[in-house]
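For reference, the structure is listed below as structure tokens.
Numbering (our numbering), first residue to last: 5 to 299.
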């Protein structure tokens, strides 16, 4: 099994190396199903407007992701790549927007917030996107701390391309499907479609979509993210990046940035206080000078 997963990981690296900027590794979910209104509201659509192209032009694209903290979205690392195809720890497009809690993309529910910073994992195809302001009224998806088991059923949500048997087209609604874990590696898992069909599979722009445990009466837990796989629709496995073994990096990165923000906020308050005090002293000095002149 380790040899199989090692060879699979090498294949993944080759595939990811040739994926165009903001293209997903696998085509919303082929043969998935519409998500009920108001469910899986932690699901995120990341829209990139004005991505640079090698010829000097621009284009638009999108990825999927999940809200894991009020100001943080987790997604695939290759969703943030420069014009040369290299993963980067920054936004690439002229504007990158996270839409959270919007099941029907033709509606106006949920929240739209700009992405202002990106952090890339060193050892996996995972990125954290920091939002300009905190999301309110939507519970983040919990990050699981243990790996899935072979045979375990996971649920996936995504905003990628979709098909129900006809052309593969952009979805207008959050899609979902169930998948079974068929193999587990050090950084990747393999999942195959289970429901609604065995050829239910991720499609382009599902990259970064969350695989999570969805058990009745229990808290939903993030397990993995869509990374790459064969063209959709298809039977058999896709490669997904584990997130349980990145738990320490994820929580540490979010905490470190929050500490810096608080420190920056404190420094700003101190600067404002100093400027205010200086202005007050100058005003008092000016009044004293005026008093002496009147005398």
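Each residue gets a CB set at the ideal place from its N, CA and C atoms; glycine is no exception.
Under 8 Å between C-beta atoms of residue i and residue j
i	j	result
residue 216	residue 231	no
residue 155	residue 184	yes
residue 33	residue 206	yes
residue 44	residue 203	no
residue 160	residue 174	no
residue 55	residue 104	no
Sequence-distant residues of its chain with Cβ nearer than 7 Å to residue i (five each side left out)
i	result
residue 110	176
residue 251	147 and 149
residue 60	none
residue 99	53, 54 and 118
residue 377	No answer is possible for residue 377: the residues shown for the chain start at 5 and end at 299.
Strand pairing of residue i, partner residues [DSSP]
i	result
residue 198	Per DSSP, none; premise fails for residue 198.
residue 166	173
residue 215	160 and 228
residue 66	51
Alpha-carbon to alpha-carbon, residue j and residue i
i	j	result
residue 193	residue 130	14 Å
residue 240	residue 137	40 Å
residue 63	residue 53	7 Å
residue 187	residue 196	10 Å
residue 330	residue 113	Missing from the structure shown is residue 330; the chain here goes from 5 to 299 and no further.
residue 118	residue 170	34 Å
residue 65	residue 219	33 Å
residue 152	residue 225	10 Å
residue 48	residue 39	13 Å
residue 222	residue 145	12 Å
residue 132	residue 80	8 Å
residue 120	residue 167	33 Å
residue 257	residue 107	29 Å
residue 78	residue 134	9 Å
residue 210	residue 82	12 Å
residue 25	residue 228	Any reading at residue 25 needs caution, since the residue's pLDDT is 36, under 50, leaving its predicted position unreliable; the model's value is listed next. If you take the alpha carbons of residue 25 and residue 228, they lie about 21 Å apart.
residue 260	residue 46	23 Å
residue 255	residue 237	35 Å
residue 269	residue 95	At residue 269 the pLDDT is 48, less than 50, meaning the model places this residue with poor confidence and gives no usable figure here.
Cβ-based neighbour list, residue i, same chain, cut-off 8 Å, excluding 5 preceding and 5 following
i	result
residue 191	13, 127, 128, 245, 246 and 249
residue 37	179, 180, 181 and 200
residue 92	84, 85, 86, 122 and 124
residue 267	In this predicted model, residue 267 has a pLDDT of only 45, less than 50, meaning its place in the structure is not dependable enough to derive any value.
residue 41	107 and 108
Sequence-distant residues of the same chain with beta carbon closer than 6 Å to residue i, five excluded per side
i	result
residue 182	157, 159, 198 and 199
residue 51	66 and 101
residue 74	138 and 139
residue 116	101 and 103
residue 97	52, 53, 54 and 55
residue 57	63
Endpoints, the beta strand (DSSP E) within which residue i is located
i	result
residue 181	179-188
residue 243	241-246
residue 124	115-124
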